[in-house]
Amino acid sequence: MLTDADLKYLHRCVELARQALEAGNPPFGLLLVSASGEVLAEDYNQIRSSGDYTHHPEMSVARWATMHLSAKERLMVG
């Protein structure tokens, strides 16, 4: 069962996907949400607009997590 918070995050991902599409990219968006519900990072697919074919949102958010979260924090599961 989806919670209100789940729906809020889902709607934000759809909005990020829309931004990707409007910029000429495949429509994918991603959020990294902490166990407490805080959005830590977000991104959308930018492979075409950036010219960097590794600029998938899961890659950029993983890079963000590596730079901003400790190894222990990256292992936390909510």
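Each residue of the sequence shown is one higher than the last, beginning at 28 in the numbering used here. All C-beta atoms in this analysis are idealised placements derived from N, C-alpha and C, irrespective of residue type, glycine included.
Do residue i and residue j have their CB atoms nearer than 9 Å?
i	j	result
Ala-92	Ala-68	yes
Gln-73	Ala-98	no
Ala-193	Gly-64	Outside the displayed range of the chain (28 to 105) lies residue 193, so it cannot be described from this structure.
Suppose the cutoff is 8 Å on Cβ atoms and the five residues either side in sequence are ignored; what does the same chain contact list for residue i look like?
i	result
Leu-57	Cys-40, Leu-43, Glu-69, Asp-70, Tyr-71, Pro-84, Glu-85 and Val-88
His-82	Asn-72, Gln-73 and Ile-74
Which one or two residues does DSSP pair with residue i in a beta bridge?
i	result
Val-66	Val-60
Tyr-71	Gly-56
Need the endpoints of the alpha helix (DSSP H) that residue i sits in, please.
i	result
Ala-92	84 to 95
Tyr-36	31 to 49
Assuming residue i and residue j are in contact, meaning their beta carbons sit under 8 Å apart, how far apart are those beta carbons, in whole angstroms?
i	j	result
Arg-45	Pro-54	7 Å
Please return the same chain residues whose Cβ sits closer than 7 Å to the Cβ of residue i, not counting the five positions on each side in sequence.
i	result
Tyr-36	Leu-58 and Val-60
Leu-29	none
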